[in-house]
Amino acid sequence: MERRNYKVLLSVNFNKEINLVDELDRIMEEAYECTRKNDFKSINLCSIEKDKMEILTSISSKKRSSNFMLSSISAFLRRVCKIYNLEYDTQKGYFTIEEFSTVPQDEYWNLFRNGALNIEEILKKNLKNKQMKNSESSDNELEESNNKTLENTYNSDFDTEKFKKPKRIFKEILTGKNRQGSGFRMEDIEFKTLEDTIKQLDSLVGMEDTKEKIKEITSFIMRNNQRCVDLNIDNPGLYYNVAITGNRGAGKNTIAKILYHIYYHLGVIGKGEFIYIDSKDVYPGSSLDRYIGSARSGVIFIDNAQFISITNRTAPKDNYTTLDEWLSVYKNNFVFILAGETEGTNEVIKNEKVKKHMNFILNIKDFNEAETVELVKNSASKEKYNIDNNSEETILKYISYLKDKKIFENAYTAKRIVEKAIINNGIINNSNCLVNEDFLFDDIKSSERENADNTEVDPLEELIGLNEVKEKIKEISAYTSMQLKRKELGLKTEPICLHMNYVGNPGTGKTTVARLMGKIFKKIGILNTGKFVEASREDLVGKYVGHTAIKTAEKIKEAEGGILFIDEAYSLVSDSSKDYGYEAVNTIVKKMEDLRDNMVIIFAGYPKEMLEFVNMNPGLKDRIQFKLEFVDYKPEELLEIWIKFFEDSQYEIEENALDEMTRIVDKIYKNRDNNFSNARIMRKCFERIKMGQAVRIMKNNLTESDDIIKINIEDVKKLYDEKDISELQEVVLKRCIGFIR
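Position one of the sequence shown corresponds to residue 1 (full-length UniProt numbering), numbered consecutively onward.
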């Protein structure tokens, strides 16, 4: 493929409002676009025609500033080439450098041609020339001065407000901290010896099993190194790749950093870098060179490994292939550390393409309550706060509450507890000591009130009718409670899957019961929140390819910890095989298995249509554990529902009005069809009677309380004048004379 030159013009004039940073960003973006589109194999970022362009013009007369700008741009361009695996052509490029430096122009040119033009070399030569002119310096003094020169350049030449952003970004460019793939380098190492590193490991709160495992790895490497020395043989080149699993905030990054230091002190990685990569960048066609840059050894830390198997870019199997290639090609130079949340990462490291490369697996457990209290104290100490000893019981109680709700996130939770307490302290006490009152948070207060309310009344028994449904729910509740009890006792348990199918006509209480299921399962301990999320086709099915999976996943995410209720579930799909609703169903089926421990999905609808819907997808049918049939209410139950509507609204029904309504309900019930809407009809009657009563009260100018709350027979008989209500009764006459049946 033909190579093309990529020509760059940088016009820098500090006397005008020109943003150099934006220009450098533009170069980076265009370089990325060229490689992404694969327009050509390599691009030359420094090919400038001598008679047409200058790479720098109108630079400030300050020499050190000029040196800094010149070398920074060069370092930036070189870094762009390394990041995108591009060719850095030094044969055609040139710089206009008259009066820029104490370094002679031909020396700059030689550095440039040899591919060594960078900030360190330029500053070193500048400093050396100045020192040779002024006085003789020892090598140690020169080295120490060199180390300080770069920082001094930042501070002296970019102190104005205008250049704060360039100052920061240039510093990031030259240290490599502004790009994916950089973490920290060996010159930034915190623990100077292996002993210091092990002390740091021992000082960590909790993680006892993980600490022991790391010490075993350390001992093994030391024994292997000593063996090679004793036998005078080469090190066999063993691989020390590690997979670290643990829930959010468990300390995975901290452990990875400690392993990095151990590997450095034991000679496993030489003087290599710690290179950070997010798992979203592990996909087919992604080059590891883009992230490694100039590094030749070190640790490659791949974070959020749980997402390698779940990606929007490609099929997971292709991501595994890419990771396998990385682990194979770079195994002699780099140690790979994979880290991610337990559930998803375990799936990743079970894959054969990954498993064969992982010699060590560290599973970090969640912190217990006492350990979390220690984390809270440490976090407070970092913020220069003390915690009163009388607060520990309250903190423990709050941590237990978060664990029960399954919203506990280890060290992140500890930090948030301290942040909330500091806010309370600032409002209430405004001192450097956090006291018990500061840890009394609103969410646990409301939870305690809610639990107190739940113990007073059994909401299921308050429902009218539905006797078979109530019995089934009691059986399910007893079963789940017993499974949890067996688990506490260490006995064998069965997986708890509570997804349900509710079938019945409209108005039979399906939605009401679904809401109660969230509260019941929360009280038992099956669900975290018990929240109720209702979804329809509109909430789940998108309008274009790829939209449905996103919408469905978002709604499922919203319902985690509670109930996802999908009424008229069969409306998700149509007769067309191209309907996006099938994608929604497939997404739901997968999540029913993945989230069965912390979410219940309830499908509801008419009996016949629900039967067809469930049988449509074998996976769906297999994952629905319980079917509840909601039969039509009987006449006396319908009347009781109607009466309850009035009682809840503080009305009183006269005896003769009740008798008349009983006759109406009997007629409606006898002539029901397959679309009979049960309690909805009773609500409709209730609303119409209220309106009629209001008209009567106003017409007769009645103002007494007894008159306002009374429902009489005249109000009820008004239902005969309502066309939709009277039609439900007229069917009786038609059936009697043979029009139907």
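Just so you know, even glycine gets a beta-carbon here, dropped at the ideal spot from N, CA and C.
Keep in mind the model is a prediction, meaning the values are calculated, not measured.
inquiry  = For a test of the three-state rule: what should DSSP assign to residue 412, helix, strand or coil?
reply    = Locating residue 412 in the sequence shown gives position 412, where the first residue counts as 1. Secondary structure at residue 412: helix, using DSSP grouped into helix, strand and coil.
task = Look at the Cβ atom of residue 338, then the Cβ atom of residue 258, and state whether they are nearer than 8 Å.
result = Locating residue 338 in the sequence shown gives position 338, counting from the first residue. Locating residue 258 in the sequence shown gives position 258, counting from the first residue. No, the pair does not count as a contact, with Cβ atoms beyond the cut-off.
query = To the nearest angstrom, how far is it from the Cα of residue 368 to the Cα of residue 495?
reply = Residue numbering aside, residue 368 sits at position 368 when the sequence shown is read from its first letter. Residue numbering aside, residue 495 sits at position 495 when the sequence shown is read from its first letter. C-alpha separation (whole angstroms): 25 Å.
inquiry  = Measuring alpha carbon to alpha carbon, tell me which residue in 230, 696, 205, 475 is nearest residue 378.
reply    = Here residue 378 refers to the residue found at position 378 when the sequence shown is read from its first residue. With distances taken between Cα atoms, residue 378 lies closest to 205.
request  = Quickly, what does DSSP pair residue 278 with across the bridge? List them, please.
outcome  = One-based indexing of the sequence shown puts residue 278 at position 278. Paired residue(s): 303.
task = Find the nearest neighbour of residue 506 within the set 642, 658, 331, 673, judged by alpha-carbon distance.
result = Counting from 1 along the sequence shown, the entry for residue 506 is found at position 506. In terms of Cα proximity to residue 506, the closest of 642, 658, 331, 673 is 673.
request  = Count the other CB atoms, across all protein chains shown, that sit within 10 Å of the CB of residue 547; report buried if there are 16 or more and exposed otherwise.
outcome  = Here residue 547 refers to the residue found at position 547 when the sequence shown is read from its first residue. So residue 547 counts as exposed.
query = Tell me which same chain residues have a C-beta within less than 6 Å of the C-beta of residue 324, skipping the five on either side of it?
reply = Along the sequence shown, one-based indexing puts residue 324 at 324. Apart from the 5 residues on each side of it in sequence, residue 324 sits with its Cβ closer than 6 Å to the Cβ of 353 in its chain, given in chain order.
inquiry  = If I measure Cβ to Cβ from residue 511 and keep anything under 8 Å in the same chain, skipping five residues before and after, which residues do I get?
reply    = Start at 1 with the first residue of the sequence shown, and residue 511 comes out as number 511. Excluding residues within five positions, the ones whose Cβ falls inside 8 Å are 534, 565, 567, 604.
message = Quick check on DSSP: helix, strand or coil for residue 344?
response = For the purposes of this step, residue 344 is taken as the residue at position 344 of the sequence shown. Helix, per DSSP.
message = Measuring only the C-alpha atoms, how far is residue 666 from residue 342?
response = Counted from its first residue, the sequence shown places residue 666 at position 666. Counted from its first residue, the sequence shown places residue 342 at position 342. A direct Cα-Cα distance of roughly 59 Å separates residue 666 from residue 342.
ask   = Counting contacts by CB-CB distance shorter than 8 Å, is residue 619 in contact with chain B?
value = The structure shown contains no chain B; it holds only a single protein chain.
message = I need the boundaries of the alpha helix (DSSP H) containing residue 532, first residue and last residue.
response = Numbered from 1 along the sequence shown, position 532 holds the residue referred to as residue 532. From DSSP, residue 532 is part of no alpha helix (DSSP H) but of the beta strand (DSSP E) over 532–535.
message = Just to confirm before moving on: does the CB-CB distance between residue 270 and residue 287 stay below 8 Å?
response = As a first step, residue 270 is located in the sequence shown; it is residue number 270 there, counting from the start. As a first step, residue 287 is located in the sequence shown; it is residue number 287 there, counting from the start. The criterion of a C-beta distance shorter than 8 Å is not satisfied by residue 270 and residue 287.
task = Evaluate residue 659 with the Cβ neighbour count: other Cβ atoms within 10 Å of its Cβ, from every protein chain shown; 16 or more gives buried, anything less gives exposed.
result = Within the sequence shown, the letter at position 659 stands for residue 659. Looking at its Cβ environment, which holds fewer than 16 other Cβ atoms inside 10 Å, residue 659 is exposed.
ask   = Apart from the five residues on each side of it in sequence, which residues of its chain come closer than 6 Å, Cβ to Cβ, to residue 438?
value = Numbered from 1 along the sequence shown, position 438 holds the residue referred to as residue 438. Hits under 6 Å: 421, 424, 425.
task = Tell me, to the nearest whole angstrom, how far the beta carbon of residue 602 is from that of residue 478; I am working on the premise that it is less than 8 Å.
result = As a position in the sequence shown, residue 602 is number 602, starting the count at 1. As a position in the sequence shown, residue 478 is number 478, starting the count at 1. With 8 Å as the limit, residue 602 and residue 478 do not qualify as a contact, their Cβ atoms being about 19 Å apart.
Sequence-distant residues of the same chain with beta carbon closer than 6 Å to residue 677, five excluded per side = Here residue 677 corresponds to residue number 677 of the sequence shown, with the count starting at 1. The residues are 506, 507.
key: Helix, strand or coil at residue 821 according to DSSP, with G and I counted as helix   = This structure cannot settle anything about residue 821, because the visible part of the chain is limited to 1 through 741.
query = When the Cα of residue 725 is compared with those of 707, 715, 700, 688, which residue comes out closest?
reply = Residue mapping note: residue 725 aligns to position 725 of the sequence shown, counting from 1. Looking at the Cα atoms, 688 is the closest of the given residues.
request  = Can you tell me which of the three DSSP states residue 517 falls into?
outcome  = Within the sequence shown, the letter at position 517 stands for residue 517. Looking at residue 517 - three-state DSSP - the assignment turns out to be helix.
task = Mind checking who residue 671 pairs with in its DSSP beta bridge?
result = On the sequence shown, position 671 is the one that residue 671 refers to. Beta-bridge partners of residue 671 (DSSP): none assigned.
request  = Taking only the alpha-carbon atoms, compute the straight-line gap between residue 527 and residue 668 and give it to the nearest angstrom.
outcome  = Indexing the sequence shown from 1 puts residue 527 at position 527. Indexing the sequence shown from 1 puts residue 668 at position 668. Between the alpha carbons of residue 527 and residue 668 lies a distance of about 40 Å.
ask   = Does DSSP classify residue 250 as helix, strand or coil?
value = To locate residue 250, count along the sequence shown from 1; it is residue 250. It is coil, neither helix nor strand.
task = Mind checking which residues open and close the beta strand (DSSP E) that includes residue 567?
result = What you label residue 567 is simply residue 567 of the sequence shown in a count that begins at 1. Residue 567 -> beta strand (DSSP E) spans 563–567.
ask   = Looking at residue 307 and residue 280, is the spacing between their C-beta atoms short of 8 Å?
value = Against the sequence shown, residue 280 aligns to sequence position 280. Against the sequence shown, residue 307 aligns to sequence position 307. Cβ atoms of residue 280 and residue 307: closer than 8 Å.
message = Give the list of continuous alpha helix (DSSP H) stretches no shorter than 4 residues that lie fully inside the region 363–439.
response = 369–382, 392–404, 410–428
ask   = Roughly how many angstroms separate the alpha carbons of residue 501 and residue 573, rounded to a whole number?
value = As a working mapping, residue 501 is identified with position 501 in the sequence shown. As a working mapping, residue 573 is identified with position 573 in the sequence shown. Approximately 17 Å between the Cα atoms of the pair.
request  = Put residue 605 into one of helix, strand or coil per three-state DSSP.
outcome  = For the purposes of this step, residue 605 is identified with residue 605 of the sequence shown, where counting begins at 1. Residue state, collapsed to three classes: strand.
inquiry  = In the DSSP output, which residue or residues are listed as bridge partners for residue 653?
reply    = Against the sequence shown, residue 653 aligns to sequence position 653. The bridge partners DSSP lists for residue 653 are 711.
task = Report buried or exposed for residue 639, applying the criterion of at least 16 other Cβ atoms within 10 angstroms of its Cβ.
result = On the sequence shown, residue 639 is found 639 positions in, with the first residue counted as 1. The residue is buried, with at least 16 neighbouring Cβ atoms inside 10 Å.
task = Would you mind working out which of 623, 698, 594 sits nearest residue 347, comparing C-alpha positions?
result = The sequence position of residue 347 within the sequence shown is 347, counting from 1. The residue with the shortest Cα to Cα distance from residue 347 is 594.
ask   = residue 551: which of 621, 585, 220 sits nearest, CA to CA?
value = By 1-based counting over the sequence shown, the position of residue 551 is 551. Comparing Cα-Cα distances from residue 551 to each of 621, 585, 220, the minimum goes to 585.
request  = With a threshold of 16 other CB atoms inside 10 Å of the CB of residue 272, please say whether the residue is buried or exposed.
outcome  = By 1-based counting over the sequence shown, the position of residue 272 is 272. Looking at its Cβ environment, which holds 16 or more other Cβ atoms inside 10 Å, residue 272 is buried.
key: As assigned by DSSP and simplified to three states, the class of residue 500   = Counted from its first residue, the sequence shown places residue 500 at position 500. In the three-state reduction of the DSSP assignment, residue 500 falls in the strand class.
request  = Compare the beta carbon distance of residue 710 and residue 647 with 8 Å and say whether it is the shorter of the two.
outcome  = Counted from its first residue, the sequence shown places residue 710 at position 710. Counted from its first residue, the sequence shown places residue 647 at position 647. No, they are not a contact pair.
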